[in-house]
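Let me begin by presenting the structure, written as structure tokens, before commenting on it.
Numbering (our numbering), first residue to last: -12 to 1063.
In structure tokens:
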């Protein structure tokens, strides 16, 4: 921008060069000090004056910058850069006409000065002359095709004009000229997001952040994108950037209190203040978390809020104090403060755990009374909002408001739908003038002049049948009250509505009507009008039904899983006090199916008030109370159902499930058997009973239950799946395969069955289909306890050609998996990959970086991973390489001990015959299924006593973990193994120890793979239902030629295994032993 600042003036080469260097490094004040001293001796040196002016502009000293540039022009009237740069500062001062004159003088002096055309283009944008700006930028590009700045400004111009494809092209050209332009990556991400090209947008934002780690705007936009695509955990974490103190332009200020921000610490006995931010809609959406805070044991929960929200928020359960931010109320000391929109992050909210039960707001009784009878009687009543809340002092938010708002006149097609009374919910000075533009016969009823806060608005909404609104706080208010609400959303809608969905997990009774093109509302209004006609006709028909007709129609809705419609129909009777016990019971069933357990409890309590002998009501209440986490009350309710009707099969069955969940399995068994005596044809109960028996290890009885379930319902996928597990545990592999396939025929997307079938096929050596099915392990549909695909902003490798490409291999599951499958890394290099990067778990890097063909080892950190062409999960490599039993890459060793580690451990082990021991795996309490496997593969150190007593061998412990030393201490002193593991810091240390051993004996852990990869003889003690990777019924493995397997012959029986290992150890050929 400032011309040729590096050209040295003759009088003082060295000081100028130093100043230019300081300027280039952003040290503007120091550079200016040098230049001012230089100007004492060279007052008319134009280039020194030019650089001094540039420093002043960077320091926001505009008047000084102007003075220096005028002096430079006086000293050198044809100094083109000085004229252009003076135009820049005059533009900043708002003197646009003078700025344009400066740019034109610069171009008169140097018609090919690309920078002056760029500056002129920026000026034209500010003057509202976009066509002239475009021509100026294009002329700059014509003169200097590699000018990144010109392309960048042209992209911004196109973006503002919604010429998005042209903007993308301009930004890509800017990046071709300057790949390190963080701003170009950021702007490109914003346009790609508007085009709904989310993966590409994510990549652009991540590039911007990688180039500028303090690029807070990019972090916030990335957060919004991740939240929009449903990756909430990472999105919430990045969203915390919004109030980072290091961000000078942050939109959200930290709460103005002197107590610490709550970051998830225990809250029992503490006090917490929740602080609002941004708009009213944010507070209305996220106040749902307040009862959850109180449930964590808070002694005091306070919320600060806008005075307009106070009356409404005082109805929320658990709030001890509601503090209006009106300048008149002091804020007492609390232990913690938390911003409202940080609550989802602190609660670890995912798509599956959004607290979506509504209503969570209630209308204060005084406001309900105030507004009762004030709306027009009769007809269906629909509330309308057509515009948001303009904020001229916040340009970015105001721009969004313009995109989401429309004119009242756009609602004319809706207002013409007959049989509806429309009620305006629109606030603001423009409301009445806009209503007055409507034809008199179509104007909505407008009560809003008497509305003083959100509690008033809520009282009006409570009397409506539907709310239709653009994306404003009213959408959240109606949703929080559980009122049906239709939200008209702009094309690139708000992140909270996710993308490409017409419903939202945040509000169960909300629908989204999205623009299909940027800025076009006509087709949205057309769709809403059509749906409104259907809604009005259906509601009118339902209101004309008799009570019994409504009940039968609601039953039909319930049986066809249209729970919302069924509940809406039942409410017509409930709200007019015409409901009987059966209707309230059905309303509870609909509410529970919709996840509204509290509402269901209310309906059931009313059911039992009407009919205290209603056995179904008691039984359903038990189900609801269990759902609400009140098991003692649930048990009492089920027992009351049985007292009312001893032959109520459902009550016995539900009692059984409750007792099972409490660990009272013997009582549960009695209840299951009684329930099945009464209802022998209930397949699900046979299946559930079988699952309980299976967990007790009673496999034949469990199998019988599953087969009874399938006799009743042959396509019951859960029973097929469970039967498969039983058969697999009994090594009846062909039968297990058949029932897994039967489960998948009934439910093709049953991931658990797909994964178990994959394991079974791999264990049977059927690798082609097995590896293919094994890919389901990272399917996004898994709820928990599964492999997560890394959220990397580049493509997953599916086997494409790698010539000249870069790939990062990502670890998963345990260390053993990485140790087994890192053998494939050299093959990637042989496929032509220009760069092979491996993301490593802690403790693996020293070992992995020694593998042939690995160019870089990095930490397992998505945010710090540099861009690559592809990523691939480590355990997907066999599939991508087309591995069969005959093509397993088994060249040994494929791992080696780093020289530094070898030197470190040289001579530190006892001399003589040495055997390493591992007796337990790595417990993972946060992964239930993995932890269950760990319990079955692990044994106690005492179980190794028969081995430890074999003479002539020094045993070396390779066991890690806090329980290692206590377990060794239980052994007789003379039989305790040598234990070097306190000084082991990573797998390379363990490898250096193993290298000095003659043999390793281990349960099925990562050490088995490490020893195998080092080509050390290793004996693996395997559980009865051994891991799929060891195949079936073999005592060797093609994965490690120097390995033997000792398998359990009975589940849980290790004594016999240890006996065979001792015999083998005693017969261990002397030739396999290294000389002492």
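Backbone N, C-alpha and C fix where the C-beta goes; we use that ideal spot for every residue, glycine too.
Beta-carbon spacing of residue i, residue j below 9 Å
i	j	result
residue 101	residue 135	no
residue 456	residue 370	yes
residue 710	residue 697	yes
residue 404	residue 523	yes
residue 142	residue 174	yes
residue 474	residue 484	yes
residue 795	residue 826	yes
residue 278	residue 305	yes
residue 170	residue 195	yes
residue 945	residue 903	yes
residue 557	residue 537	yes
residue 144	residue 120	yes
residue 273	residue 337	no
residue 958	residue 928	yes
Whole-angstrom distance between residue j and residue i, CA atom to CA atom
i	j	result
residue 117	residue 124	10 Å
residue 833	residue 777	23 Å
residue 864	residue 798	11 Å
residue 449	residue 603	31 Å
residue 842	residue 823	5 Å
residue 809	residue 820	16 Å
residue 168	residue 477	30 Å
residue 190	residue 793	16 Å
residue 1033	residue 964	21 Å
residue 638	residue 588	17 Å
residue 5	residue 829	45 Å
residue 1073	residue 940	Since the first and last residues shown for the chain are -12 and 1063, residue 1073 lies out of range.
residue 88	residue 10	28 Å
residue 789	residue 815	8 Å
residue 612	residue 579	11 Å
residue 393	residue 447	23 Å
residue 413	residue 461	9 Å
residue 599	residue 630	11 Å
residue 774	residue 439	52 Å
Cβ neighbour criterion (16 or more within 10 Å) applied to residue i
i	result
residue 267	buried
residue 1030	buried
residue 888	buried
residue 431	buried
residue 759	exposed
residue 282	exposed
residue 755	exposed
residue 547	exposed
residue 736	exposed
residue 148	exposed
residue 1059	Note that residue 1059 scores 48 on pLDDT, short of 50, meaning its location in the model is unreliable; the coordinates nonetheless yield the value given after this. By the neighbour-count rule (16 or more Cβ atoms within 10 Å), residue 1059 is not buried but exposed.
Cβ neighbours of residue i in the same chain (closer than 6 Å, five flanking residues each side left out)
i	result
residue 453	369 and 471
residue 287	258 and 307
residue 202	169, 195 and 196
residue 1011	1035 and 1038
residue 655	643, 646 and 647
Residue i: CB within 8 Å of a non-hydrogen atom of the ligand MG
i	result
residue 833	With respect to the ligand MG, the structure offers nothing, as it holds no ligand at all.
DSSP three-state assignment for residue i, whether helix, strand or coil
i	result
residue 500	strand
residue 1045	helix
residue 794	strand
residue 1064	Here the chain has residues from -12 to 1063 only, and residue 1064 is not among them.
residue 281	helix
residue -5	Reliability fails at residue -5, whose pLDDT of 38 lies under 50, so the model's placement of it is uncertain and the value that follows must be treated cautiously. In this structure, residue -5 counts as coil in the three-state DSSP scheme.
residue 700	coil
residue 481	coil
residue 370	strand
Beta-carbon contacts of residue i that lie in its chain and below 7 Å, excluding the five residues immediately before and after
i	result
residue 249	259, 323, 324, 325 and 333
residue 1064	There is simply no residue 1064 to check, as the chain begins at -12 and stops at 1063 in what is shown.
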